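J.: Got a structure here, written out as structure tokens. Questions coming.
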Amino acid sequence: MAINMRQKSWGQSLRDLLFPRLCFICGAKITDGFICPGCFKKIIFLPPPLCMMCSSPLRNGKINICKNCLGKNFFYERLISITYYTEPLVSLLRLFKYKHYDFLKNFFCSIIINHLKKTGLDFAHYDLILSVPSHPLRIKERGYNQTELLGKLIAEYANLPFEKNILACKNYYESQTTLPNSQRLKNPKGCFSVSRSLPGKKIILIDDVVTTRATVSECSRVLKTTGAKNITVITLTKAG
Ligand SMILES: [Zn+2]
Ligand SMILES: [Zn+2]
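Position one of the sequence shown corresponds to residue 61 (the working numbering), numbered consecutively onward.
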């Protein structure tokens, strides 16, 4: 056993010498992971108390909904965003979505799970996990649907089934984050379909970035039409 460890250690040292591991953001040498501790510290986690419908920080911890969300219907029951959409996550998500760095799913998933552990979210209260679908053409471009990769990993941790074929995206619409605010809201309407009914189901819906919430709300709306009872949206980051 000691010999194996020593051999592994030598092998690792040689690999580090020949192919030093570098932070994806600043290029500093690192021993493991994808970014250095300095860049990790720049990730801004959303500080509680948060609005239960948009994850915006609340001034008053006695209420659980912000002024902007009061009286509005988003079709889901709760939205939990973990971080702000700022660097280094903007760059890392770009690599994840557009440069085939699909292995970053592990990094993002660990951020989500570690945060959810702190908030005390009980996965046992839910029946299944879904992710916001991409249009087949977009999946063809990227080679994968990034939210599906996150959803699958989170489902493994949560010991819940992950269903990738229930929600589908029928219309190819422009990326939410690249459109001005005025154009985003109407965009996802009618884009999504559900392949089977989900009577009484309690669902976790995963997305990578939430902007206006129009997409996750529209997904929730079509899920509710099939009898889904409760939907909690979980997103890695919150833009805007
Ligand atoms: Zn760095
Ligand atoms: Zn709110």
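Yeah, the Cβ is synthetic: ideal placement off N, Cα and C, and Gly gets one too. Since we're looking at a predicted model, the values are computed, not measured.
(1) How would the residue list near ligand 1 read, in chain order, if you kept each one whose beta-carbon is closer than 6 Å to any heavy atom?
(2) Using a Cβ-Cβ cut-off of 8 Å, state whether Lys-89 counts as contacting chain B.
(3) Between Lys-262 and Leu-106, is the Cβ-Cβ spacing less than 8 Å?
(4) Is it a yes or a no for the region 214-224 touching the region 145-155, going by three-plus beta-carbon pairs under 8 Å?
(5) Hey, Ser-253 and Leu-265 are a contact pair by Cβ (cut 8 Å); roughly how many whole angstroms apart?
(6) Locate the beta strand (DSSP E) running through Arg-138, then write down its first and last residues.
(7) Roughly how many whole angstroms lie between the Cα atoms of Leu-283 and Arg-119?
(8) Out of Cys-229, Asn-205 and Asn-231, which has the shortest C-alpha to C-alpha gap to Lys-157?
(9) If you draw a straight line from the C-alpha of Leu-245 to the C-alpha of Pro-80, how long is it?
(10) Quick one: residues with CB closer than 7 Å to any heavy atom of ligand 2, in chain order, please.
(11) Whole-angstrom Cβ separation of Ser-115 and Leu-139, contact assumed at under 8 Å?
(12) State the Cα-Cα distance for the pair Asn-128 and Ser-255, rounded to the nearest angstrom.
(13) Kindly indicate the opening and closing residues of the beta strand (DSSP E) around Cys-343.
(14) Output needed for Ile-103: all residues of its chain with C-beta closer than 7 Å, excluding positions within five of it in sequence on either side, in chain order.
(15) Extract the residue ranges of the alpha helix (DSSP H) inside the region 85-126, only unbroken runs of 4 or more that lie entirely within it.
(16) With a CB to CB cut of under 6 Å and the five nearest residues on each side skipped, what residues in its chain are close to Thr-295?
(17) Quick one: is Leu-197 buried, meaning 16 or more other Cβ sit within 10 Å of its Cβ, or exposed?
(18) Could you tell me which of His-175, Gly-260, Phe-163 and Leu-258 sits nearest to Lys-212, measuring between CA atoms?
(19) Hey, could you find the ends of the alpha helix (DSSP H) Leu-149 is sitting in?
(20) Exposed or buried, which one is Arg-273 when buried takes at least 16 other CB atoms within 10 Å?
(21) Please name the residue or residues paired with Phe-163 in a DSSP beta bridge.
(22) From what residue to what residue does the beta strand (DSSP E) around Val-282 run?
(23) How is Thr-179 classed by DSSP in three states: helix, strand or coil?
T.: Looking at the atomic coordinates:
(1) Cys-83, Ile-85, Cys-86, Ala-88, Ile-95, Cys-96, Gly-98 and Cys-99
(2) The structure shown contains no chain B, having only a single protein chain.
(3) no
(4) no
(5) Contact flag wrong, Cβ pair sits at about 15 Å.
(6) 138-144
(7) 32 Å
(8) Asn-205
(9) Note that Leu-245 has pLDDT 43, beneath the 50 cutoff, so the model's placement of it is unreliable and the number below is only indicative. One C-alpha to the other measures close to 45 Å.
(10) Cys-111, Met-113, Cys-114, Ser-116, Ile-125, Cys-126, Asn-128 and Cys-129
(11) 6 Å
(12) 33 Å
(13) In the structure displayed, the chain extends from 61 to 300; residue 343 sits before or after that span and is not available.
(14) Thr-143, Pro-148 and Leu-149
(15) 97-101
(16) Ser-141, Asp-267 and Val-270
(17) exposed
(18) Phe-163
(19) 149-158
(20) buried
(21) DSSP output for Phe-163 lists no bridge partner at all.
(22) Careful: Val-282 lies outside any beta strand (DSSP E), inside the alpha helix (DSSP H) at 274-285.
(23) helix
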